[in-house]
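Start counting the sequence shown at 319; every next residue gets the next number (my numbering). Ideal Cβ positions, reconstructed from N, Cα and C, are used throughout, including at glycine. It should be emphasised that the depicted structure is a prediction, and the values quoted were computed from it without experimental measurement. Just below is one structure, and these are the notes that go with it.
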Amino acid sequence: MHNDKIINQLTPLVRKHFEGAEAGHDWWHTYRVWRTALRLCEDEQNADRYVVSLAALLHDIADPKFHGGDEEIGPKTASSLMNRINVDKATADHVINIIRHMSFKNSFEEPHFDSLEMRIVQDADRLDAMGAIGIARAFNYGGYKNHPFYDPDIQPDLEMTKEQYQKKAAPTINHFYVKLLRLKDMMHTDRAKVLAKERHDFMERYLQRFYKEWEGS
Ligand code: ADP
Ligand code: NI
């Protein structure tokens with residue numbers, strides 16, 4: 319099919335783009351979000367799988383965190399890649415809207431855009447921040463930033479603004495309370511709610527063990 323051909327053209331371009339990326343936000347994160355999003359599509363018959371694939375593959379193509387906070391570089395890079403492989407304008411516009419609106423940071427703000435395809439990719443992206451992989455990503459990010467694993471004297475701050483969230487240097491364990499354990503209740507699709515519950519329970523078990531081992535048991 320024509321659309322499958324376009325996706326096959328896009329994947330090596332996206333993969334190349336991520337060469338040398340930090341492990342939590344690399345090609346394999348994109349790959350997992352794409353696979354998970356397609357899995358969620360199996361239960362969402364009305365979803366446009368082509369839009370979902372494009373949006374999943376392009377959603378982190380240029381993270382503002384690694385580009386001096388520039389929020390426009392992602393949409394721009396995604397547009398030019400879609401142009402290169404001749405994605406039609408209506409589809410490209412939809413994909414750009416999705417990647418502009420879907421990050422966790424933007425969920426501190428009013429949503430200006432919504433679609434089933436966006437919900438699916440957002441669920442898949444959030445699922446990748448949970449469970450075994452979510453734990454690996456959190457500690458990888460903390461290591462990259464040289465944050466401590468845990469500090470019993472620093473309590474998680476649940477009332478952070480978007481700016482504070484981006485700047486914080488709190489221990490990685492606090493990130494579970496600020497973000498990861500809240501993701502379960504943010505899922506849109508039924509299948510994602512089921513997967514999120516499993517991954518949430520796994521993180522809870524992980525934390526219990528972490529605190530036990532911290533005290534030597
Ligand atoms: P988004 O998926 O919206 O791009 P982020 O870029 O904030 O979210 O996060 C990407 C990954 O890095 C996620 O797995 C997230 O849990 C992790 N991460 C982000 N901030 C922190 C932090 N302060 N401590 C530990 N992990 C973090
Ligand atoms: Ni992502």
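Backbone CA spacing between H518 and G342 [nearest angstrom]: Position 200 of the sequence shown, counting from 1, holds the residue named residue 518. Position 24 of the sequence shown, counting from 1, holds the residue named residue 342. When rounded, the distance between both Cα atoms is 19 Å.
Within its chain, find whatever has a CB closer than 7 Å to the CB of A442; leave out the 5 residues flanking it on each side and keep chain order. Along the sequence shown, read from residue 1 onward, the residue named residue 442 stands at position 124. Same-chain partners within the cutoff: V351, T354, A355, L358 and A374.
What separation, rounded to the nearest whole angstrom, lies between the Cα atoms of N458 and Y468? If you number the sequence shown from 1, residue 458 lands on position 140. If you number the sequence shown from 1, residue 468 lands on position 150. If I take the Cα positions, the gap works out to 14 Å.
Is Q447 near ligand 1 - that is, is its Cβ less than 7 Å away from at least one heavy atom of it? Working through the sequence shown from its first residue, we reach residue 447 at position 129. First, the amino acid is wrong: residue 447 is Ala here, not Gln. For ligand 1, at least one heavy atom lies less than 7 Å from the Cβ of A447.
In angstroms with no decimal places, state the Cα-to-Cα distance between D381 and N415. Locating residue 381 in the sequence shown gives position 63, where the first residue counts as 1. Locating residue 415 in the sequence shown gives position 97, where the first residue counts as 1. Spanning the two alpha carbons is a distance of roughly 15 Å.
Are there 16 or more other CB atoms within 10 angstroms of the CB of L376, so buried, or fewer, so exposed? Along the sequence shown, read from residue 1 onward, the residue named residue 376 stands at position 58. Flag for L376 reads buried.
Roughly how many angstroms lie between the CA atoms of N326 and I403, to the nearest whole one? Taking the first residue of the sequence shown as position 1, residue 326 is located at position 8. Taking the first residue of the sequence shown as position 1, residue 403 is located at position 85. Their Cα atoms are separated by approximately 10 Å.
Express the C-alpha separation of N464 and H430 in angstroms, rounding to a whole number. Position 112 of the sequence shown, counted from the start, is the residue given in the question as residue 430. Position 146 of the sequence shown, counted from the start, is the residue given in the question as residue 464. Between the alpha carbons of H430 and N464 lies a gap of roughly 35 Å.
Every unbroken alpha helix (DSSP H) inside the stretch 398-446 [4 residues or more]: You should have 407-419 and 434-445.
Straight-line Cα distance separating D322 from L476: Working through the sequence shown from its first residue, we reach residue 476 at position 158. Working through the sequence shown from its first residue, we reach residue 322 at position 4. Counting only the Cα atoms, D322 lies some 43 Å from L476.
C-alpha gap between L445 and L525, whole angstroms: What you label residue 445 is simply residue 127 of the sequence shown in a count that begins at 1. What you label residue 525 is simply residue 207 of the sequence shown in a count that begins at 1. The straight-line gap from Cα to Cα measures roughly 18 Å.
Under the rule that 16 or more other beta-carbon atoms within 10 Å means buried, what is Q363, buried or exposed? Translated into the one-based positions of the sequence shown, residue 363 becomes position 45. Exposed is the call here.
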